[in-house]
Structure formats: C-alpha cells, structure tokens
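Just below is one structure, and these are the notes that go with it.
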Amino acid sequence: RRPLIRPMLRTAALRAVRVVPTAARRGLSSAVNTRELELLQQVSRLEAKLSEVEAQLPPRVPPVRITKWEDLTFGIQPTNGHVRHVWSSKTSSWDAGRLIQDPYVNLHIHAGVLHYGMTLFEGCKAFRCRDGKVRVCNLNENSDRMNRGAARLVMPSVPKSMFNDAIDWAVRANAEFVPPYGTGGSLYIRPFLMGTGAILGLQPCPEFHFMVSVTPVGNYFGKGGVQGVHASLSMDYDRAAPRGTGDVKAGGNYAADLLPLKIAKEEGFGTTLYLDAAEQKYVEEFSVSNFVGINADGAYCTPASGSILPSVTNKMLMQLARDKGMDVQARAITYEEVKTFREVGACGTATVVVPIGSITDSEKKHEFGAFDVLNQLRTSLMAIQLGEEEDVHGWMREVVC
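Take 980 as the starting number for the sequence shown in this note's numbering and just add one per residue.
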C-alpha cells in the first residue's frame, strides 16, 4: 500500500492546484476557492502525516546476494517477495493473486486470525537437483492436508491448481535463492491460510488470505552432520485432545507446545514426546515431528491416531520402507513397547529424520544408540529429492525458472 498512497495524494494535490486558478478565472464564488484551498491543505497535512508513519515503520530489508551457501542456517533470509491471494465472502472466490515485496501484512484489529486462531500452514521444499533443474517435493499431499484443515476450521478450500501455481510463482520469483546442488541447502516453502476479515463474535471470517513465502535454508544440523536429539516424556501436558484439531496443521497446536518445549529445553532436552491425552499410555508425537521407530523385529513402526498430524515425510518414508521389503506398521504403540525399539526417530520436512538418542521419563533414561535403518531411508529420500535416484513414485515436479 505504501507505494500507492503517496502518488495518489500528489495527484489529488495537483488537481486542487489546477482547479483553484481555473475557478478564479471563471469568476466562481470565493466559497468554491476557499473549499479547494482547504482540500489542498488537507492533502498537504495527510502527506506530512504519511511521512511520520513511514518513519516509524520497520524498513524493508532488501535481499542480499548469498555467496556462502554452506553457511546458511535454518532461518529467515530476505527474498524478492511472497505470493498472496485473497478470498472474499462477497464473491465466494479467490482473486488472481499478486507477488508482493513487502514482508509485512496489514490486518484489521479484529481479524479472525488475531483473536480466534484461524490459521493453517504447510511446510515443503524446492531443491536444485543434480541436473541443474529446480523441483518441488510431493505438493499434492500438502495441498490435500491443508484442505482437510480448512474444512475443519471452516475456511475456504484452496484449489489444488491455485496451491501449485502459487508455489511455482513464489519459487520462480525467488529462483536465485534456491541453494546450488551439493551445498546441503534447499528453498523452504511456507504456504499458509488465515482469516483476515474483521469479526467480533466467533464465526467464519468474511475474508481470508492464502500466502506463500519462501526462504533459503541450510542443512538443519549444520556442518556437524546428523546428531542425535535427547527427548523428555511429557506427563503434565497433552499435545492434542481426542476429536480435537491435532490431525490438522493449525497454528494453535504449535502455540500450545511452546511451554512444554521451553521446560524441556531448560532441562537440557531437545524435544518432548507426548502420549495420548485419554490414557497417557500410547505414543502420539514429538513436539513438531512424527514418531517413527524400528522395533525389535526390524519393522518400521509409527503411531496411528486421530489426533496425530499425518506427516508427508513419514508417508514417503513408509513407502520407501515397503520398497525395501520391510514390514511397515501404522498402529497404536504403547510407551512400554518403545523401550524395546532398536531405533527411534522424529521425522518432518525440516530434518527428514532426526535420530532420537534417548527418551527420559520420571524413572529412567532409555537410550537408542542405533540409527542405521532410519538413516538408510533418510538417505534414499534425500537422493530422490536431489535427483540422484529415480523418482519411481512421481513425488518430484519441476518448476521451470
């Protein structure tokens, strides 16, 4: 909005300046001249006020040319902009979308997202592959998951074609920020949906924004390679309630995890493992990742529950495990059984799979020294993402930049 307001004010001022002498020449009443002068003075005051407001706004950080890709961390970097679509209840449809440079969003003070948590987000990546082409990974799964969440939170669905096109648009506009092949980096993509319309009582919003932002990220583990994470068992807090919103990627699910995770980190742990809310007997998830493990029989095991977020990465890992002839079990897993597992990992977009070195409960620290089978699956998935292995399942799609 800032680039538009000042030219509009200047245009209005010029019109006023031209109108006043013309009115005088035509012998119009002094009242007309006085009114035009008042308008001109108002425009001048507005322009001065705009200068004051602009001085208080945080400056837009211009994108910086990245030369040391290996030094990238998993954080936010300035880019060329994001893609934004707006849905209105007046038309019950999405607009054509825009590419916007400004990383800030103007919201009404009573926007639904601010008061009632009306927001969903996804996480996916684009890779510079061995052949030099840029590809995105398994976006159809992300699109489907977002729309399941939209239905749960009474938000408008995002057509799959619009979802994919918006991501392609954002990637193309920021192609220079896709890390080169071999650097260990990728372009992290964050599609998100939020209620921006003003409401006072709890009701669906009259307006929604669907946006896609991107940022280049490095290897999640840095230069030290894959490192084990030590987890604590949460018995004082639950991640999600039965029949709640745990199976959708709603922002509120993550806000609720901040305190337990803060406590865990203050105690020296890297993450928290949650059990089911009803009985505190069955494994659910880690703080922001699905639980996966290799049991004593060598089977790939992951919990199945209506309050667990279905991980896109976990689904791909399960398929790769089947491809290798492994027994794959998605079922209820008791915490007691986990103590007998050979390997335990936390999987997600950021890390693919991170080894869990130990889980500490109120009685004992249970250690998991191995990371062999899960690491093989992790390596296979990363090789597919980088175009080093054949993509037999059609997960990767080229974005022509």
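Positions of the beta carbon are idealized from the N, C-alpha and C atoms, including for glycine.
The model shown is predicted, which means the values in this text are computed figures rather than measured ones.
query, result
"Label Met-1375 either buried or exposed according to how many other C-beta atoms from any shown protein chain fall within 10 Å of its C-beta, with 16 as the threshold for buried.", "buried"
"So what does DSSP say about Asp-1182, is it helix, strand or coil?", "The question names Asp, but residue 1182 is Gln in the sequence shown. Looking at Gln-1182 - three-state DSSP - the assignment turns out to be coil, as it is neither helix nor strand."
"On the three-state DSSP scale, how would you describe Gly-1336?", "strand"
"Measure from the alpha carbon of Asn-1153 to the alpha carbon of each residue in Pro-1221, Ile-1045, Leu-1360, then state which is nearest.", "Ile-1045"
"Nearest-angstrom Cα distance between Arg-1077 and Ser-1071?", "18 Å"
"Using only alpha-carbon positions, find the residue among Ala-1325, Val-1191, Gly-1174, Met-1190 that is nearest to Cys-1184.", "Gly-1174"
"For a test of the three-state rule: what should DSSP assign to Ala-1090, helix, strand or coil?", "strand"
"How would you write the range of the beta strand (DSSP E) that Tyr-1167 sits in, first residue to last?", "1165 to 1174"
"Assuming Asn-1121 is part of the alpha helix (DSSP H), what are its boundary residues?", "1118 to 1131"
"For Tyr-1233, which residues of its own chain have a beta-carbon under 8 Å away from its beta-carbon, when the five flanking residues on both sides are left out?", "Val-1267"
"Contact defined as beta carbons within less than 8 Å: I believe Phe-1171 pairs with Met-1141. What is the distance between those atoms, to the nearest angstrom?", "14 Å between Cβ atoms; not a contact."
"Taking only the alpha-carbon atoms, compute the straight-line gap between Lys-1104 and Asp-1255 and give it to the nearest angstrom.", "30 Å"
"What residues are listed by DSSP as bridge partners for Gly-1272?", "Cys-1280, Val-1323"
"Going by other Cβ atoms of all chains shown within 10 Å of its Cβ, with 16 needed for buried, is Arg-980 buried or exposed?", "Any reading at Arg-980 needs caution, since the residue's pLDDT is 44, under 50, leaving its predicted position unreliable; the model's value is listed next. Exposed, because fewer than 16 other Cβ atoms sit within 10 Å of the Cβ of Arg-980."
"Grab me the residues of Ala-995's own chain with a C-beta within less than 7 Å of its C-beta, minus the 5 sequence neighbours each way, in chain order.", "Here the model assigns Ala-995 a pLDDT of 49, short of 50, so the residue's position is not dependable and the matter cannot be decided."
"Give the DSSP bridge partners of Gln-1308, in chain order.", "Cys-1280"
"Could you check whether Gly-1164 and Trp-1048 sit closer than 8 Å to each other, using their CB atoms as the reference points?", "yes"
"Is any heavy atom in the ligand HEM found nearer than 7 Å to the beta carbon of Ala-1256?", "This structure does not include the ligand HEM; it has no bound ligands of any sort."
"Determine the direct distance from the alpha carbon of Lys-1069 to that of Leu-1240, and round the result to whole angstroms.", "42 Å"
"Is it buried or exposed, Leu-1212, if we count other Cβ atoms within 10 angstroms and call 16 or more buried?", "buried"
"Could you tell me the distance, in whole angstroms, from the CA atom of His-1089 to the CA atom of Gly-1176?", "8 Å"
"Which residues in the same chain as Asp-1074 place their Cβ atom closer than 7 Å to its Cβ, once the five residues preceding and following it in sequence are excluded?", "His-1064, Val-1065"
"Measure the C-alpha to C-alpha separation of Gly-1230 and Thr-1013 and round it to an integer number of angstroms.", "54 Å"
"Would the beta-carbon of Val-1317 fall within 8 Å of that of Gly-1285?", "no"
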